[in-house]
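Asks:
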């Protein structure tokens, strides 16, 4: 990479000085070595060094930072814990990263109204830990819940293993405080069950940092079920396991969680966690049932019968809370487990109709052979949210390119069978150039008009989600010139 010219260096110095006038001390990072910690998020294949990182600690400071950046015409990339797997927090070389790591406090626990008010940097799991003494918990539980932030969960509309019954983030969100690019503070919803007026709360959820910066989150908490029991079901093939998933749902049973793993994922997870998984099974289902004890007993018998009809080869029911957690330990650690068997991997994210599970998994194996790359599958079977893990070695010439093409074909397949590009990871840069497979140009223009209403200068997280970013003034016309402000190829590791 060529050294920056004098004009670029002078502009960078002006930007850093302006930021330091807002956030003092160590709140602005401009040293090249320190900036390296922010050069990528969970999608490590792509990296870029930002101009600077600013770490405000109050909503007022966030407002002043955004105002300053708008006046200077500087792009801003909001960042929470940096666990995004779609490149949503990938920096821009001509932009500033706005880190929210100092927003790490739970502000209010209201058990009477069954809600928690937290700053966006609070880890997902920390919310449950703060209320479990009173018999409550926060339902959405991504596999990265020990690290991922609640603000990032809102930005990506994250799910988790219990989303089938209890919903994803948007179904458990009550209120937001958001700072706009103008520095204005917008409050949406609150502790009440429903907000009146336009559903701006729903609009901000899953907006991937393109509309505003989240500075406060109010979420719904639930009573811990009286009984929770997990069934570990081994099947000879993914097709048999997929049929069991469909039969359980068709019977009107909605498990608290319903996860599926294929054989490569089973072996990796078992080697890593020692959860007692059947290593020779073609596919594994973990079905969790919760509620009143008599209800769980009844549903357990029904699921056992359905599993036997579908050819289950191993069937175990947790006899204790310790055993239930052990069943889940392998699934929860599947992603790091796969990291032990491959130097690199892409964790994909697409969602399909449940009835298409067998077809899609079979086609994925064909693609694996075509591209000469292994794939392990771990996913939320109950709602069809797939997480194929494409294994590759970035040090081998051509493997990264093959992995990218393989992943693109999987996502195109999801759309072809009636699904969508993402279930919970977001679009970011990973799926940006595939948006045209799911949306027409008119669809994408309408979505960008929404962004223009919040961020008319296009300074918030540009380069994410939209394959072509049009100027807001152009979007008022019937015919839009394609190619305006097209972003260059991103640097890769």
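Numbering (our numbering), first residue to last: 230 to 722.
For glycine and all other residues, C-beta sits at the position ideal for the given N, C-alpha and C.
Owing to the predicted nature of the structure, the values given are computational and were not obtained by experimental measurement.
#1: Look at the Cβ atom of residue 324, then the Cβ atom of residue 291, and state whether they are nearer than 9 Å.
#2: So what does DSSP say about residue 539, is it helix, strand or coil?
#3: For residue 312, count the other beta carbons within 10 Å of its own beta carbon; 16 or more makes it buried, fewer makes it exposed. Which is it?
#4: Are residue 258 and residue 277 touching if we call contact CB-CB under 9 Å?
#5: Of all the options 461, 321, 600 and 583, which has the alpha carbon lying nearest to the alpha carbon of residue 542?
#6: Could you check the C-alpha separation between residue 671 and residue 700 for me, to the nearest Å?
#7: Can you check which of these residues, 647, 242, 306 and 631, is closest to residue 581 by C-alpha distance?
#8: If you count every other CB in all the chains shown that lies within 10 Å of the CB of residue 336, and 16 or more means buried, which is it?
#9: Do you know offhand how far residue 481's Cα is from residue 530's?
#10: Grab me the residues of residue 249's own chain with a C-beta within less than 6 Å of its C-beta, minus the 5 sequence neighbours each way, in chain order.
#11: Could one say the Cβ of residue 310 lies closer than 9 Å to chain B's Cβ atoms, at least one of them?
#12: Are residue 305 and residue 606 touching if we call contact CB-CB under 9 Å?
#13: Determine the direct distance from the alpha carbon of residue 236 to that of residue 393, and round the result to whole angstroms.
#14: Excluding sequence positions up to five away, which residues of its chain have a Cβ less than 8 Å from the Cβ of residue 708?
#15: According to DSSP, simplified to helix, strand and coil, what is residue 711?
#16: For residue 615, which option in 650, 348 and 408 has the closest C-alpha, if you only look at C-alpha atoms?
#17: Give the single residue among 288, 698, 574 and 266 whose Cα lies nearest to the Cα of residue 407.
#18: Name the residue from 345, 698 and 567 whose alpha carbon lies nearest to the alpha carbon of residue 686.
#19: How far does the beta strand (DSSP E) with residue 307 in it reach, from first residue to last?
#20: What do you get for residue 238, buried or exposed, if any count of 16 or more other CB atoms within 10 angstroms of its CB means buried?
#21: Can you name, in chain order, every residue of its own chain whose Cβ lies under 8 Å from the Cβ of residue 588, other than the five neighbours on each side?
#22: Secondary structure at residue 449, three-state DSSP: helix, strand or coil?
#23: Please list the segments of the beta strand (DSSP E) lying wholly inside the region 484–519, counting only runs of 3 or more residues, in order along the chain.
#24: Should residue 661 and residue 641 be called a contact, given that it needs their Cβ atoms to be closer than 9 Å?
#25: According to DSSP, is residue 378 helix, strand or coil?
#26: To the nearest angstrom, report how far apart residue 443 and residue 489 are at their CA atoms.
#27: For residue 703 and residue 293, I'd like the C-alpha separation in whole angstroms.
#28: State yes or no: is the C-beta of residue 457 within less than 9 Å of the C-beta of residue 525?
#29: Quick check on the DSSP output: what are the complete beta strand (DSSP E) runs of length 3 or more inside the region 234–320, in order along the chain?
#30: Please list, in chain order, all residues of the same chain as residue 722 whose beta carbon is under 8 Å from its beta carbon, the five residues on each side excluded.
#31: In terms of alpha-carbon separation, which member of 679, 265 and 279 lies closest to residue 244?
#32: Report buried or exposed for residue 627, applying the criterion of at least 16 other Cβ atoms within 10 angstroms of its Cβ.
#33: Just to check my reading of the structure: residue 467 and residue 504 have Cβ atoms closer than 8 Å, yes? What is that Cβ distance to the nearest angstrom?
#34: Which parts of the region 342–425 are runs of the beta strand (DSSP E), unbroken and 3 residues or longer, counting only runs that do not cross its ends?
#35: By how many angstroms is the C-alpha of residue 403 removed from the C-alpha of residue 418?
#36: Could you tell me the alpha carbon to alpha carbon distance between residue 429 and residue 350, rounded to whole angstroms?
Replies: Well, looking at it:
#1: Cβ atoms of residue 324 and residue 291: not closer than 9 Å.
#2: In the three-state scheme derived from DSSP, where H, G and I count as helix and E and B as strand, residue 539 is classed as coil.
#3: buried
#4: no
#5: It is 461.
#6: When rounded, the separation of the alpha-carbon atoms in residue 671 and residue 700 is 15 Å.
#7: The shortest C-alpha to C-alpha distance from residue 581 to any of 647, 242, 306 and 631 is the one to 647.
#8: exposed
#9: 14 Å
#10: 257
#11: The chain labelled as chain B is not found in the depicted structure, where only one protein chain is given.
#12: no
#13: 53 Å
#14: Caution applies to residue 708, whose pLDDT of 35 falls short of 50 and renders its modelled position unreliable; the value that the coordinates give is listed next. Contacts found: none.
#15: Its pLDDT being 34, under 50, residue 711 is placed unreliably by the model, and nothing is read from it.
#16: 650
#17: 288
#18: 698
#19: 304–308
#20: exposed
#21: Sequence-distant Cβ neighbours of residue 588 in its own chain, meaning closer than 8 Å and more than five residues away, are 646.
#22: strand
#23: 486–491
#24: no
#25: strand
#26: 33 Å
#27: 29 Å
#28: yes
#29: 281–283 and 304–308
#30: Reliability of the predicted coordinates at residue 722 is poor, the pLDDT of 44 falling under 50, and the value obtained from them is presented with this limitation in mind. Only 269, 273, 274, 275, 276 and 623 meet the Cβ criterion.
#31: 279
#32: exposed
#33: Contact doesn't hold; Cβ gap of about 19 Å is too wide.
#34: 344–347, 402–408 and 414–418
#35: Taking the straight line from one Cα to the other gives about 6 Å.
#36: 22 Å
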